[in-house]
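Note that UniProt numbering gives residue 456 to position 456 of the sequence shown, counting from 1, and the numbers run on in steps of one.
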Amino acid sequence: MDLPLRTQAQRWALAALLAIAVAPAAFGQTLASPLRPLDLERLRFNPAATDSMLVDTGNVLPEGGYRLLLMVNYERGILLLKGSDDVERSILHYRTAGWLAGAWSPVDRLELSARVPVIISQGGHGAETLAGVTPPDSFGLGTPELGARYALLRREDGDPVFLGLGLDIGLPGGSADAFGRQQGWAGFQVAPRVAVSREVGPLALGASAGVRIRSTEVEPGRDVGTELEQGLVVATRGEGLRGEIALEAAESLVESDVALELLGGLRLPVGMGFEAFALAGHGFTDIPGTPSFRLAAGIAWANKPPPREDKCASGRSHTPEECPDQDDDGDSVANGKDRCPLEAGSVDNAGCPDKDSDNDGVVDREDQCASVAGSARYHGCPPPDSDGDSVADDEDGCPKEAGPASNRGCPVREEPKPVEPKPEEPKPVEPKPEEPKPTVEDTKSPLDHRVQFPVGQAEFQEEERRQLDAIADYLKANPKLEIRIEGHTDNTGPEELNRTLSQQRADRVRAYLIQRGIAGSRLEAKGYGPTRPLMSNDTPEGLTANRRVEFVVKGGETGR
């Protein structure tokens, strides 16, 4: 006795909907064993109906929400057998069942549910003509189920999708003689699954996948047991009339069977929390429990829990983690990106305060010498002191020679006492010779000399001392002269560094002249960096000429 597909057309419909290359095997075996009791119910629905009435979408009820429903389901063509006489018999031709179900969310993200099916009436024909087959009872209890769902991801939390885990447990208590439960494992069944969904405009798109683990029952021609279950749904969203269409499939892991059913549903709020709904479906295979068609209708009642308290509202108590978009410490860094969300800091330091361990005004993250006070000019490090006299090079008139701060870092040298000239004996007056006209050599002043410096250094070369000594003698001979010592550089390197270097060069020459007995009040040192080139910096000669110190008589011309 066999269990064939109804028609060749239905076989092709199954292949198209599932994209299965090979159609399910034909069942042409002769009835060789008695028909054992098994659970023929294949209607899987979602009692919470958050997005869909038919498929779990991972979207659970809000905390404190619940939904109760009462539904009547009528289906035909549930169990067909064919004897050795090749005559098809509809052992379970129709079934009318009532469902009482409900769902409730006791805590945030968790939802519990229960489903109790009652077989009100069912019947068929031909069972009495088959050996070992007893007509099913016309009334009984289906397999009760308890369920739980947990939301891993939620759209209201900013996640890209709804994602949830579900678990249904079938309990003993169903009527075996009415095909209301599996014979083995005392009727227990376990069905874990995962579900996902997302809103797309006015629609909700959802999918679920899981496995229904149950005992294997030997039914004539095939085994019925554990199955993989999948569901796809497209449902409308919003208020008022809503609709959905779903495809539910179950692939046997003990036979080459695929049960497939296409369902549609409508739901309409009727006031005071009540909702009327209707379902219709069409099965595409003769797998036991898959009806040729079904119709269902019912009514549900759901409470609308008060909206969840907005912890992020002004004045509400919350943690930074609960309100990632707020800025609790007012430092312009949102809690979700703030490494110190309760302590005001800087944007550049990810919301944490900038520490300054050495109190030098340079924050630690920018301070190259965080444990030693320095200056911003030197990235938090102390200014260099080349000669170790505790006078920074920037302020040291002699950065290569140690000296006291009172002498601007230069060594203190005793000025030689001037030797009083002996009074000259009067000479006989002679006629004054005619004075010769001055030549270029006669008008040339020691102040015209330019002191040259090596690249990147503020120390002049040894041969310059003779010229500087001559300048010192000239200034002694002209005690009313006051001069400005101008330092210059070429244009290589950063301008700020060159300006500092030119100042150091001018300071070094000034310090030398002071050592040679010239009062510091007559000498002004000023660095101009690369801003006043003597020659073009495009040639080596020009670069050399521009690394210089020049002398300018205040209130007069340069000594050039």
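For glycine and all other residues, C-beta sits at the position ideal for the given N, C-alpha and C. Since we're looking at a predicted model, the values are computed, not measured.
Residue i - containing alpha helix (DSSP H), residue span
i	result
Arg-466	464-477
Val-509	495-515
Glu-541	540-546
Contact belief for residue i with residue j at Cβ below 8 Å, rounded distance in angstroms
i	j	result
Glu-63	Asp-108	4 Å
Leu-543	Asp-507	Rounded, the Cβ-Cβ distance is 22 Å, inconsistent with contact.
Glu-275	Ala-302	7 Å
Val-234	Leu-205	6 Å
Ala-278	Leu-263	At roughly 11 Å, the Cβ-Cβ gap does not stay under 8 Å, so Ala-278 and Leu-263 are not in contact.
Gly-187	Gly-173	7 Å
Ile-91	Ala-127	5 Å
Leu-153	Leu-165	Incorrect: roughly 11 Å between the Cβ atoms, too far for contact.
Ile-471	Leu-497	Contact flag wrong, Cβ pair sits at about 28 Å.
Gly-330	Asp-338	Actually they do not touch by this definition, with Cβ atoms about 11 Å apart.
Val-347	Val-362	Not confirmed; about 18 Å, so no contact.
Arg-198	Val-161	5 Å
Outcome for residue i when other beta-carbon atoms lying within 10 angstroms are tallied against a minimum of 16
i	result
Phe-293	exposed
His-488	buried
Ile-518	buried
His-449	buried
Ser-536	exposed
Ala-370	buried
Ile-78	buried
Arg-181	buried
Gly-298	buried
Gln-122	buried
Thr-129	exposed
Pro-399	buried
Gly-403	buried
Lys-82	buried
Ser-105	buried
Leu-40	buried
Asn-335	buried
Gln-368	exposed
Asp-56	buried
Met-272	exposed
Ala-477	exposed
Arg-510	buried
Boundaries of the beta strand (DSSP E) in which residue i is found, first to last residue
i	result
Asp-168	162-170
Pro-117	110-123
Ala-250	242-252
residue 569	With the chain running from 1 to 560 in the structure shown, residue 569 is simply not present.
Asn-73	66-82
Pro-192	189-200
Tyr-94	88-104
Leu-263	258-271
Ser-208	203-212
Ala-276	274-283
Gln-230	227-236
Phe-293	293-302
Glu-524	523-527
Gly-486	Just to set this straight, residue 486 is Glu in the shown sequence, not Gly. That run of the beta strand (DSSP E) goes 483-487.
Straight-line Cα distance separating residue j from residue i
i	j	result
Gly-170	Glu-145	4 Å
Val-60	Asp-286	34 Å
Pro-135	Gly-124	8 Å
Phe-284	Gln-326	54 Å
Val-200	Glu-156	15 Å
Gly-555	Leu-475	15 Å
Glu-486	Leu-468	14 Å
Ser-460	Ser-390	Residue identity check: residue 460 is Phe in the sequence provided, not Ser. Those two C-alpha atoms are separated by around 23 Å.
Val-254	Gly-225	6 Å
Val-552	Leu-523	10 Å
Leu-447	Ile-483	9 Å
Gly-520	Val-372	34 Å
Gly-238	Leu-203	9 Å
Leu-43	Ser-52	14 Å
Ala-9	Asp-168	Its pLDDT being 42, under 50, Ala-9 is placed unreliably in this model, and the value from its coordinates should be taken loosely. Each residue's Cα considered, the two are about 35 Å apart.
Cys-312	Ala-191	38 Å
Ile-119	His-318	51 Å
Gly-409	Cys-340	47 Å
Gln-230	Glu-88	30 Å
Arg-547	Asp-364	37 Å
Leu-534	Glu-401	30 Å
Leu-54	Val-211	17 Å
Glu-463	Phe-453	11 Å
Ala-259	Ala-300	28 Å
residue 563	Asp-354	Absent from the model: residue 563. The displayed extent of the chain is 1 to 560, so no value can be given.
At least three beta-carbon pairs within less than 8 Å, the segment 33-50 to the segment 109-120: Yes, the segment 33-50 touches the segment 109-120.
Contact the segment 354-363 vs the segment 373-383: 3+ CB pairs below 8 Å: yes
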